[in-house]
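S.K.:
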Amino acid sequence: MSAATDSLCVLLLGVSAWLNLIQSIALICSDAVVLWSALALPRPAGKMHSATHTIEDIAAAIADRLNHTLSSVDREPLIEQLETIRRLARELPVSSSTRETLATEAQKLSDIARDVVVVYDNDNDNDDDEDDDNDDDDDADDEDVATIDEEVASIDEEDSQPEAWAIQAPVSRVQAQNIADQLQPIITSLEAACACCYAPKDTDDVIQTVRILQEGMGLPLPIPWHIIELAEYWVRSVGSCGTLTVGAFDSTIQEELCCSVRIPLHVKSYKPLRRVVFTIEAHDQGWCNSIDDGSWTWFEADSQAAWRRVIVRNPPASGRFHTYRIQWDLSLPSDIEVDTQLHEWLGRFPAGEELSVFARAQFGAWQNFVRKVVVESYSACV
């Protein structure tokens with residue numbers, strides 16, 4: 013590599029003005045849409061991320077509360093909006109920019125949730141006919157006011173009383189319309205994020221973009237390769253499954269295959285797998301003798317190329333669906349501590365290798381209820 017090329021690489025990697033210039037030129041070339049997609053993608057993401065209470069959880073919690081506070085006519089449009097938010101959040105490709113979008117919109121959704129208040133009764137003794145003369149005093153002692161934000165924060169604690177709705181604070185039609193008006197911008201933002209995110213469908217897509225950078229713009233190698241890598245312009249492959257249940261009867265581990273994804277054949281020969289993202293919606297049986305004994309329902313990733321690795325465990329004694337989004341990265345910024353075992357695990361996957369996700373349960377009465385599993389692999393081609 014010549015000294016001139018080295019200087020150009022340093023300039024490209026270190027000076028944002030140089031990238032802005034490339035973007036400006038790209039806008040006027042005949043293949044601007046493809047090139048802009050490559051350049052507009054975010055920089056490498058951080059370490060493994062796990063979120064028990066995601067935007068999907070918040071939306072589901074709001075829907076649950078609205079089901080107790082609105083008539084079917086008034087709540088159906090809101091429920092539809094909330095389901096749209098959950099769907100868009102699931103479909104959004106994982107990147108640093110989309111994570112920022114999800115975090116921002118989740119905060120907006122939490123702000124909306126704080127305005128939705130329901131009064132519920134903690135007294136489940138079914139002694140409604142007793143002490144009628146003291147009903148007013150009992151109500152003052154036993155009723156709590158909880159916002160959605162508090163529910164999501166303590167979702168496991170409330171699992172022990174999922175049917176405790178005794179008294180409801182109705183949401184007026186004016187409030188319902190106000191909620192609808194606040195939900196719509198969140199939907200618009202997520203739709204825009206989905207439209208802006210583009211992942212190459214195959215190796216040819218990546219090679220074509222490299223050709224545009226090299227031949228159309230006159231950038232010498234390896235500058236186009238650096239741009240592709242910094243833009244995380246990797247081929248995305250997806251596997252998914254729907255509802256299934258795994259139940260254990262004794263100490264023997266029971267498992268079911270959820271889904272698999274295959275690394276494309278025509279990718280880099282050396283460590284092509286750059287990222288794996290797992291999106292899982294699941295919960296256990298909802299009770300146990302003691303949560304101190306840990307959780308015995310979980311998910312694992314498996315492959316012939318590498319050893320089994322635990323993805324996530326369900327919170328013990330939680331009968332409410334949780335959404336987990338787990339991201340494993342091979343390439344990390346220099347300021348993030350590298351998980352050497354994870355780095356070695358990801359580096360073992362060659363082209364054409366299959367990665368599978370298994371739901372597992374162990375010991376009597378433990379059950380793993382799965383609503384959905386999605387696994388995404390991102391592979392480098394150049």
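Just so we're aligned: 241 in our numbering is position 229 of the sequence shown, and the numbers increase by one with no gaps anywhere.
For each residue, glycine too, the CB sits at the ideal point set by N, CA and C.
Kindly provide the ranges of any beta strand (DSSP E) runs that are 3 or more residues long and lie completely inside the stretch 256-322, ordered along the chain.
M.R.: 256-259, 266-274, 285-295 and 309-314
S.K.: Which of helix, strand or coil does DSSP assign to G359?
M.R.: helix
S.K.: Helix, strand or coil: how does DSSP classify Q10 here?
M.R.: This structure does not reach residue 10, given that the chain is present from 13 up to 394, and the question cannot be answered.
S.K.: What does the alpha-carbon distance come out to for the pair D127 and Q194?
M.R.: 11 angstroms
S.K.: Assuming H238 is part of the alpha helix (DSSP H), what are its boundary residues?
M.R.: I235 to L242
S.K.: Quick one: Cα of G228 to Cα of I239, how far?
M.R.: 15 angstroms
S.K.: Alpha carbon to alpha carbon, how far is I124 from D76?
M.R.: 14 angstroms
S.K.: Quick one: give me the first and last residue of the alpha helix (DSSP H) that R98 is part of.
M.R.: S84 to E103 is the extent of the alpha helix (DSSP H) around R98.
S.K.: Grouping DSSP H, G and I as helix and E and B as strand, with all else coil, what is E365?
M.R.: coil
S.K.: Should W237 and R286 be called a contact, given that it needs their Cβ atoms to be closer than 8 angstroms?
M.R.: Not closer than 8 angstroms, so no.
S.K.: I need the straight-line Cα distance from Y84 to A188, nearest angstrom please.
M.R.: The amino acid occupying residue 84 in the given sequence is Ser; Tyr does not appear at that position. If I take the Cα positions, the gap works out to 12 angstroms.
S.K.: Judging by CA-CA distance, which residue of S330, S281, K280 and R274 is the nearest neighbour of G298?
M.R.: Looking from the CA of G298, the closest CA among S330, S281, K280 and R274 belongs to S330.
S.K.: Sort W319, E388 and G306 by Cα distance to W378 and report the nearest one.
M.R.: It is G306 whose Cα lies nearest to the Cα of W378.
S.K.: Looking only at its chain, what residues have a beta carbon closer than 6 angstroms to the beta carbon of A318, apart from the 5 residues adjacent to it on each side?
M.R.: W357 and R360
S.K.: Whether or not the stretch 213-230 and the stretch 260-268 are in contact is what I'm after, with contact meaning three or more pairs of Cβ atoms, one per stretch, closer than 8 angstroms; do they touch?
M.R.: no
S.K.: Cα separation between A118 and G230?
M.R.: 42 angstroms
S.K.: What residues in its chain sit with their C-beta under 6 angstroms from that of P328, if we drop five residues either side in the sequence?
M.R.: C300, I303 and S307
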